[in-house]
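Colleague: Once you've had a glance at the structure underneath, I'll fire off some questions.
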Amino acid sequence: MDICTKRVWSKMTSDDKIEATERDVQILQELPDHLAMECLARVPLDNLHGVSKTWEDVIYDPYFQRLRAANGSTQLDWIYALVQMQDKSFKWRALDPHSSRWHDLPPPPHDMEFQLFNPGCIGVSYTVQCVSTSSKLVMIAGVKARKDGQPRMTVEPALDHPYIFDTRTSLWKRGSPFKVPRKWCVCGVVDEKVYVASGSGKDWSQELSKSAEVYNLENDKWEALQNLSTSKFSGEAMNAVSNNNKLYFVSGRGVFSKEGVVYDIITQSWSEMSPGLKQGWKGPCVAVNGKFYLIETPAGKLKVYAPERDEWDIIMVDSRLANLEVLIGTKGKIVAIEAASLKDDETNPGVLRVIDIASDAPQILDIPVQEGQVVCVQVLAMMNQPSKLERGQSYF
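Just so we're aligned, residue 41 is where the sequence shown starts under the numbering used here, counting upward by one.
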């Protein structure tokens, strides 16, 4: 098998041939290219920053990324951010952490309108709820202003369908419609299935607030799940934290009146959360490598859950953790939105904050967004599109 590195984003026509158009460059001297790719596929990505142009070509080749996945090696993930621009429009952008370059995603098939703030209620903000698999970005819920002629603004669900972006094709599609469009719901993902629970429709109803359903990304179908026993999760938008084939979520971030439940994907049943896990859940939470991490705001405490003691341990205190929202876990790191980016302040640049928890002493790194305000963030596979690389600082 003769695999030649020709250019960035070489097109694979099969597993053993690249359709190439420019130049033949041997990857490793005195070694056939298919064996060279096998060798590089086993090298940590952190050790492949600042390498030669030839090796950069290999790193960004979709076939090479599939080869890494087949060998159990880390793939090149990108950070995807939904940004509100100064003209109030919304745009998805993706950061390649390896080259430090931002890319614009193609626009979704239909214009989207989201209301992020309520001018009649100081301090009240809304979010756009999204989840992701390894290769698909899914927009689930948000709110828009309700046009009912009332003097006081009210909001209603902004999306009638899930919107799905596939990084392998760089195309959007509209999924099957929701049985009832939701706002302020719970959403999570396990494998290729998206789980949605509770929330409110255009008007609140007890039936919807206790309901749950799952969307299969592979067959584009919705299926009803066992109902929740309470309506207490219908008042705020929240992410269900996926860990070991279970989904965890807690209503409220204070100390009192908490409700915490667990949905078991295997048994398809709900259960109560352990007392220590629930009571200590005082901020945005995420699972990384099988462990729960949360940031307790405004104290700026990074905590990890110890299941054997049913307690949360402090592993770091830093003022830069005091105002973070929307945590996403990925391969030893946590990506978060700085809360200042969620304010209605066009002069304040958006910031993403990365917390490296792979080492004993966690490191914090800021990623400037350059334009607009970050609304939500996800981490998944790189977008498959032709692009020239620009070298810079490596964030991952």
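Quick reminder that beta carbons are idealized off the backbone N, C-alpha and C, glycines included.
Only a predicted model underlies this, so the values are computations on that prediction, with no experimental measurement involved.
Between L80, Q319, V302, which has its C-alpha nearest S311's C-alpha?
Modeller: V302
Colleague: Using the Cβ count rule (16 or more neighbours within 10 Å means buried), how would you classify H150?
Modeller: exposed
Colleague: So, L287 versus A277, is the Cβ gap smaller than 8 angstroms?
Modeller: no
Colleague: Taking the straight line between their C-alpha atoms, what separation do you get for L211 and R349?
Modeller: 46 angstroms
Colleague: If you reduce the DSSP assignment to three classes, tell me which class Q190 lands in.
Modeller: coil
Colleague: Quick check: the Cα distance between L382 and L75, rounded to an integer number of angstroms?
Modeller: Model confidence at L382 stands at a pLDDT of 47, short of 50, so the residue's coordinates are unreliable and nothing is read from them.
Colleague: Taking 8 angstroms as the threshold, find out whether the segment 246-255 comes into contact with the segment 216-228 through three or more Cβ pairs.
Modeller: yes
Colleague: Hey, could you find the ends of the alpha helix (DSSP H) P315 is sitting in?
Modeller: 315-319
Colleague: Return the first residue and the last residue of the alpha helix (DSSP H) that D117 is part of.
Modeller: From DSSP, D117 is part of no alpha helix (DSSP H) but of the beta strand (DSSP E) over 117-124.
Colleague: Taking C-beta to C-beta, are V226 and V171 nearer than 8 angstroms?
Modeller: no
Colleague: Quick one: what does DSSP say H74 is sitting in, helix, strand or coil?
Modeller: Three-state DSSP puts H74 in a helix.
Colleague: Helix, strand or coil: how does DSSP classify V178 here?
Modeller: strand
Colleague: If you draw a straight line from the C-alpha of L199 to the C-alpha of Q155, how long is it?
Modeller: 12 angstroms
Colleague: Alpha helix (DSSP H) containing S249: first to last residue?
Modeller: 246-249
Colleague: Measure the alpha-carbon distance for T167 versus D400 and round it to whole angstroms.
Modeller: So the alpha carbons of these two residues sit roughly 33 angstroms apart.
Colleague: With 16 as the cutoff for other CB atoms within 10 Å, does Q169 come out buried or exposed?
Modeller: buried
Colleague: Look at the alpha carbon of E378 and the alpha carbon of G390, and state the distance between them as a whole number of angstroms.
Modeller: 8 angstroms
Colleague: For F205, report the span of its beta strand (DSSP E) as first-last.
Modeller: 203-206
Colleague: For W224, which residues in the same chain have their Cβ closer than 7 angstroms to its Cβ, ignoring the five residues on either side in sequence?
Modeller: If you ignore the 5 residues before and after W224, its C-beta comes within less than 7 angstroms of the C-beta of G239, S240, S274, G275, E276, A277, all in its own chain and listed in chain order.
Colleague: With a Cβ-Cβ cutoff of 8 angstroms, do Y203 and P148 count as a contact?
Modeller: yes
Colleague: Compare the beta carbon distance of I374 and V414 with 8 angstroms and say whether it is the shorter of the two.
Modeller: no
Colleague: Look at E263 and G316 and say whether their C-beta atoms are less than 8 angstroms apart.
Modeller: no
Colleague: Hey, G340 and S314: beta-carbon distance below 8 angstroms or not?
Modeller: no
Colleague: DSSP state of F332, grouped into three classes?
Modeller: In the structure shown, F332 adopts extended strand secondary structure according to DSSP, grouped into three states.
Colleague: What do you get for K128, buried or exposed, if any count of 16 or more other CB atoms within 10 angstroms of its CB means buried?
Modeller: exposed
Colleague: Under a Cβ-count criterion, where at least 16 other Cβ atoms within 10 Å of its own Cβ denotes burial, should T209 be classed as buried or exposed?
Modeller: exposed
Colleague: Suppose the cutoff is 6 angstroms on Cβ atoms and the five residues either side in sequence are ignored; what does the same chain contact list for E430 look like?
Modeller: Any reading at E430 is ruled out, since the residue's pLDDT is 39, under 50, leaving its predicted position unreliable.
Colleague: Strictly by DSSP, which residues pair up with K213?
Modeller: I204
Colleague: Is G369 buried or exposed, if buried means 16 or more other CB atoms sit within 10 Å of its CB?
Modeller: Flag for G369 reads buried.
Colleague: For Q266 and I335, I'd like the C-alpha separation in whole angstroms.
Modeller: It is roughly 31 angstroms from the alpha-carbon of Q266 to the alpha-carbon of I335.
Colleague: In or out: I180 buried (at least 16 other Cβ within 10 Å) or exposed?
Modeller: buried
Colleague: Please identify the residue among Y235, D260, K261 whose C-alpha is closest to the C-alpha of S251.
Modeller: Y235
Colleague: How many Å lie between L361 and S282 at the Cα?
Modeller: Note on geometry: alpha-carbon atoms of L361 and S282 lie some 22 angstroms from one another.
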